[in-house]
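Chains D and G supply the protein sequences, listed in that same order.
Numbers 1 to 437, taken from this note's numbering, label the letters of the first sequence in order.
Numbers 1 to 437, taken from this note's numbering, label the letters of the second sequence in order.
Protein chains: 2
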Amino acid sequence: MSIVVMKFGGSSLADAEKIRAAARRAIRMQKQGHQVVMVVSAMGKTTDGLEDLADQVMRSKPAPKREMDQLLATGEQVTISLTAMALEEMGAAAISFTAGQIGILTDDVHTKARIKTIDARKIHEQLDAGRIVIVAGFQGVTEAGHVTTLGRGGSNVTLVAIAASLGADVCENYTDVDGVYTADPRIVPTARKLKQISYDEMLELASLGAGVLHNRAVEFAKNHGIPIHVRSSQNNRKGTMIVAETQSMERIVVSGAALKSKVARVTMSAVPDKPGVAGKIFHTIARHKIVVDDIIQTVADDGTATISFTVDLSDRDETQQVVGDLCDKLGAKAHAKFEDHLAKVSVVGVGMRVHTGVADRMFAALAKAKINIQNITTSEIKISCLIDRDQGEKALHVVHDAFGLGGRTKKASAQKRTGAAKRKKTTGKQTARRSRT
Amino acid sequence: MSIVVMKFGGSSLADAEKIRAAARRAIRMQKQGHQVVMVVSAMGKTTDGLEDLADQVMRSKPAPKREMDQLLATGEQVTISLTAMALEEMGAAAISFTAGQIGILTDDVHTKARIKTIDARKIHEQLDAGRIVIVAGFQGVTEAGHVTTLGRGGSNVTLVAIAASLGADVCENYTDVDGVYTADPRIVPTARKLKQISYDEMLELASLGAGVLHNRAVEFAKNHGIPIHVRSSQNNRKGTMIVAETQSMERIVVSGAALKSKVARVTMSAVPDKPGVAGKIFHTIARHKIVVDDIIQTVADDGTATISFTVDLSDRDETQQVVGDLCDKLGAKAHAKFEDHLAKVSVVGVGMRVHTGVADRMFAALAKAKINIQNITTSEIKISCLIDRDQGEKALHVVHDAFGLGGRTKKASAQKRTGAAKRKKTTGKQTARRSRT
Numbered sequence: 001m002s003i004v005v006m007k008f009g010g011s012s013l014a015d016a017e018k019i020r021a022a023a024r025r026a027i028r029m030q031k032q033g034h035q036v037v038m039v040v041s042a043m044g045k046t047t048d049g050l051e052d053l054a055d056q057v058m059r060s061k062p063a064p065k066r067e068m069d070q071l072l073a074t075g076e077q078v079t080i081s082l083t084a085m086a087l088e089e090m091g092a093a094a095i096s097f098t099a100g101q102i103g104i105l106t107d108d109v110h111t112k113a114r115i116k117t118i119d120a121r122k123i124h125e126q127l128d129a130g131r132i133v134i135v136a137g138f139q140g141v142t143e144a145g146h147v148t149t150l151g152r153g154g155s156n157v158t159l160v161a162i163a164a165s166l167g168a169d170v171c172e173n174y175t176d177v178d179g180v181y182t183a184d185p186r187i188v189p190t191a192r193k194l195k196q197i198s199y200d201e202m203l204e205l206a207s208l209g210a211g212v213l214h215n216r217a218v219e220f221a222k223n224h225g226i227p228i229h230v231r232s233s234q235n236n237r238k239g240t241m242i243v244a245e246t247q248s249m250e251r252i253v254v255s256g257a258a259l260k261s262k263v264a265r266v267t268m269s270a271v272p273d274k275p276g277v278a279g280k281i282f283h284t285i286a287r288h289k290i291v292v293d294d295i296i297q298t299v300a301d302d303g304t305a306t307i308s309f310t311v312d313l314s315d316r317d318e319t320q321q322v323v324g325d326l327c328d329k330l331g332a333k334a335h336a337k338f339e340d341h342l343a344k345v346s347v348v349g350v351g352m353r354v355h356t357g358v359a360d361r362m363f364a365a366l367a368k369a370k371i372n373i374q375n376i377t378t379s380e381i382k383i384s385c386l387i388d389r390d391q392g393e394k395a396l397h398v399v400h401d402a403f404g405l406g407g408r409t410k411k412a413s414a415q416k417r418t419g420a421a422k423r424k425k426t427t428g429k430q431t432a433r434r435s436r437t
Numbered sequence: 001m002s003i004v005v006m007k008f009g010g011s012s013l014a015d016a017e018k019i020r021a022a023a024r025r026a027i028r029m030q031k032q033g034h035q036v037v038m039v040v041s042a043m044g045k046t047t048d049g050l051e052d053l054a055d056q057v058m059r060s061k062p063a064p065k066r067e068m069d070q071l072l073a074t075g076e077q078v079t080i081s082l083t084a085m086a087l088e089e090m091g092a093a094a095i096s097f098t099a100g101q102i103g104i105l106t107d108d109v110h111t112k113a114r115i116k117t118i119d120a121r122k123i124h125e126q127l128d129a130g131r132i133v134i135v136a137g138f139q140g141v142t143e144a145g146h147v148t149t150l151g152r153g154g155s156n157v158t159l160v161a162i163a164a165s166l167g168a169d170v171c172e173n174y175t176d177v178d179g180v181y182t183a184d185p186r187i188v189p190t191a192r193k194l195k196q197i198s199y200d201e202m203l204e205l206a207s208l209g210a211g212v213l214h215n216r217a218v219e220f221a222k223n224h225g226i227p228i229h230v231r232s233s234q235n236n237r238k239g240t241m242i243v244a245e246t247q248s249m250e251r252i253v254v255s256g257a258a259l260k261s262k263v264a265r266v267t268m269s270a271v272p273d274k275p276g277v278a279g280k281i282f283h284t285i286a287r288h289k290i291v292v293d294d295i296i297q298t299v300a301d302d303g304t305a306t307i308s309f310t311v312d313l314s315d316r317d318e319t320q321q322v323v324g325d326l327c328d329k330l331g332a333k334a335h336a337k338f339e340d341h342l343a344k345v346s347v348v349g350v351g352m353r354v355h356t357g358v359a360d361r362m363f364a365a366l367a368k369a370k371i372n373i374q375n376i377t378t379s380e381i382k383i384s385c386l387i388d389r390d391q392g393e394k395a396l397h398v399v400h401d402a403f404g405l406g407g408r409t410k411k412a413s414a415q416k417r418t419g420a421a422k423r424k425k426t427t428g429k430q431t432a433r434r435s436r437t
């Protein structure tokens, strides 16, 4: 019997009626002959409420991270029990599990923990007994028994990790968007929903701020070869399948464009230009679980180096502290500069591997729109430009048009059309989503 | 170094400011040279909110008890983490533990679980490291890892069980009442606060509905010889010490009077009068964790027995189901009658063991007030009368006066005065309290 893991985000579980709707979906899936596991997030604005409480208590300093995790994990615990109740009410046998109960073991990096192992036996036992199993997303437990949380996109990481540990055939990711779009449709109304996208493209889009799925979840799915179906909890239409790359995908040059609107750039100057220094710097930053991007190193005439890189604006303060300490250790002259007012616009597509001229077309389009490029980074399937934040949305429009990604535009392009651009604007959120979904 | 366990009820932790006040008390206690453990309840109305959510999901039947426990336990988990944060904010080292993390093992009777063992090592380790340890009250965990809750008065059970497992010198029970009174001061304005009371008296008062402390907590404290200090979280005045009996206590005939205003009487008729039948009946009821009181058995001319007993009105529906099933099994004629409109008024005092005439004085006072006694039960230190619920409060006044328990009355009595009757009416709640405190 095949196993399906269904994940519901916070906005799809915001009240009792939505919880009942999610339960109905799970029962329908079970009646189709599958064993069903549900991974659920905290209801609607629960996390905000818990964070407010912590803020009221902590006035002079940030909350201790262990206790923050202990607090936030209650949000999912509420949802798992209510979801189990809804299932029982509808006549289905169900049982809920916290991460601790099901053995989702993580490292001990509180608020940003990583899953090490999952004990699948307990879930299999319950599935074999005919129950629908509900697992709390976003949380884990250390070997010493401390509660951890998985950070941004944590519930999706739980989804894929559970699916991998169970050998599930597919992850169904029910959310308030109905799929992955060629660009954020709230910013670019002509954006089209994609039928499918490769893990690698999704990884680039996710890390660039497309926001449908966090890259940790996609990486996990890629490594285990598990397809993720991103779809709406509001209807039964198919969404976007995130799958392994196929040759036919290469016919499309660019699959999507993304905007990361909150980027900070750090420039460290007068860094001793000795072997191992850069390694030490980024090792130290990585130890603080700060994600660094777009690294550029240049050497000045005096033999010192300048190292610049970007971080998410939310990591800016912690980065400043870490970098400040590093400068102190590196020598009297070393110092750092911070620029907060940046954004990053990118295009992504596995077709770039076989097609040329993509960078040219992007730069020409931005230049024509009088958008100054402050930095360029590329990968095999991605081109990113750092720009002023105020020009971010305009830039996204420009590149989306330049590659003919829109469903309604008649502009000539090498793009293959994958579907109609029908969608409701209200359901088409792609960015600025709740951090737990 | 002596260990003090301080427990704070939900109304003493209703908002961030109250949590900070509780944290300040704990730090003060630690600065006096004690190792400090805090046991905390869910904040204010949290439990009501969670129960409302369950009601919204469960429309046609009661919530499955395992999931109800999984849900309700989040209330205390929120408080422990916020309390730990408040302590850290004030510069104290602190760590919070759920029942599962600290190993509060219970049986698997969900919603009414009983503590089997507590692993004290983890708490000792943290105390020895200089931390204030915060433990979630009201909850436990089964050996299989399921979350349980301890039922009415559960947080006080946790308080005493933690104190016992640690070998603590005293339990400090901070609440919204400033001690134990001779009667509920909201009903009887002349009621006095007692300086001390014996475990046995408190047990009778608690099981009779005085409501300051649940009898399971007092029994636990008695068995382990741990004094409980019931005091107000609003001020630093001493409250009432619940302690082992002393000879001097016997000089007082009656220590207090109590009213249990929601009592149901069950009368089973045409029960076969064979050995073992009554045993089977009460064994079956006990298996459902329904507390039975005031059992009376009579045998009719036809050789069948009539068995009557009382239960708390909240257990009435479950009792009806259990008793209905029993009647079906006992034979065609067996049937049961239910009376819901009863109350029980009682007087309690260890002095009854050496003084006579207590029952006479009580019956005479009730008779004079034209209150009909429907049933009488006595123990060594207690006399209870079952009466019509509408006359409950009047009866409490009458017996309180009859034994001269009031602080302001000049009526002659054998009572020793133990203190002034000063108290604020708003802080003097003794009954109808939150079930978790």
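Glycine included, every Cβ here is placed at the ideal spot set by N, Cα and C.
Please read all numbers here as calculations on a predicted model, not as lab measurements.
In terms of Cβ geometry, isoleucine 95 of chain G and alanine 84 of chain G form a close pair [threshold 8 Å]. Judged by beta-carbon spacing, isoleucine 381 of chain G lies beyond the 8 Å limit of glycine 357 of chain G, meaning their Cβ atoms are not closer than that value. With contacts defined as CB atoms closer than 8 Å, alanine 244 of chain D and glycine 256 of chain D fail to qualify as a contacting pair. Taking a contact as a CB-CB distance under 8 Å, the pair glycine 331 of chain G and proline 272 of chain G counts as one, their CB atoms being some 6 Å apart.
Using a Cβ-Cβ cut-off of 7 Å, leucine 71 of chain D is close to Val78, Ser81, Leu82 of chain G, given in chain order. Glutamine 77 of chain D places its beta carbon 8 Å or farther from that of alanine 16 of chain D. With respect to threonine 111 of chain G, aspartate 52 of chain G sits apart: the two C-beta atoms are not nearer than 8 Å.
By the Cβ rule, the stretch 230-249 of chain D does not count as touching the stretch 321-339 of chain D, because fewer than three pairs are nearer than 8 Å.
Nothing from the stretch 164-195 of chain D brings a Cβ to less than 8 Å from some Cβ of chain G.
For serine 269 of chain D, the closest of D/Gln321, D/Ile123, D/Ala334 by C-alpha to C-alpha distance is D/Ala334. About 6 Å separates the beta carbon of histidine 214 of chain D from that of arginine 152 of chain D, a gap short enough to meet the 8 Å contact definition. Distances from the CA of glycine 10 of chain D to each of D/Thr106, D/Gln321, D/Val177 were compared; the closest alpha carbon is that of D/Val177. When C-beta atoms of the stretch 27-34 of chain D are compared with those of the stretch 55-64 of chain G, fewer than three pairs fall below 8 Å, so the two segments do not count as touching.
Excluding sequence positions up to five before and after phenylalanine 220 of chain G, its CB lies within less than 7 Å of the CB of Val157, Val160, Ala161, Ala164, all in the same chain and listed in chain order.
Against isoleucine 19 of chain G, the close residues of chain D are Val57, in the order they occur along the chain (beta-carbon pairs closer than 8 Å). Nearest Cα to valine 254 of chain D within the set D/Ala217, D/Gly279, D/Ala359: D/Ala359. Look at valine 277 of chain D here: in three-state DSSP terms it is helix. Within the stretch 155-185 of chain D, the complete beta strand (DSSP E) runs of at least 3 residues fall at 170-175. With respect to threonine 106 of chain G, valine 133 of chain G sits apart: the two C-beta atoms are not nearer than 8 Å.
No Cβ-Cβ contact shorter than 8 Å links alanine 278 of chain G with glutamine 247 of chain G. Methionine 85 of chain G belongs to the set of residues whose beta carbon lies under 8 Å from a beta carbon in chain D. For the stretch 267-329 of chain D, the continuous alpha helix (DSSP H) assignments of 4+ residues that do not extend past its boundaries occur at 277-287, in sequence order. Assignment of isoleucine 19 of chain G by DSSP, reduced to helix, strand and coil, places it in the helix class. For the stretch 3-30 of chain G, the set of positions with a beta-carbon nearer than 9 Å to some beta-carbon of chain D reads Asp15, Ala16, Glu17, Ile19, Arg20, Ala23 in chain order.
Using beta-carbon distances, threonine 74 of chain G counts as an interface residue toward chain D, with a partner under 8 Å.
In the structure shown, aspartate 108 of chain D falls within a coil segment according to DSSP collapsed to helix, strand and coil. Note that the C-beta distance between isoleucine 252 of chain G and valine 218 of chain G is not below 8 Å. The residues Thr182, Val188, Thr190, Ala191, Arg192, His400, Ala421, in chain order, have a CB closer than 8 Å to that of glycine 406 of chain G in the same chain once the five nearest residues on each side in sequence are set aside. Rounded to the nearest whole angstrom, the C-alpha separation of alanine 22 of chain G and valine 291 of chain D is 39 Å. The continuous alpha helix (DSSP H) containing arginine 361 of chain G extends over residues 358-368.
Taking a Cβ-Cβ cut-off of 8 Å, glutamine 374 of chain G has no neighbours in chain D, whose nearest Cβ is about 40 Å from it.
Using a Cβ-Cβ cut-off of 8 Å, glutamate 125 of chain D does not count as an interface residue toward chain G, since no Cβ of chain G sits closer than that to its own.
Assigned with DSSP and collapsed to three states, histidine 146 of chain D falls in coil, not helix or strand.
Between the alpha carbons of leucine 50 of chain D and serine 314 of chain D lies a gap of roughly 19 Å.
When beta bridges are read from the DSSP output, valine 135 of chain D appears opposite D/Val39, D/Phe97. Interface annotation, serine 60 of chain G: in contact with chain D, CB-CB separation under 8 Å.
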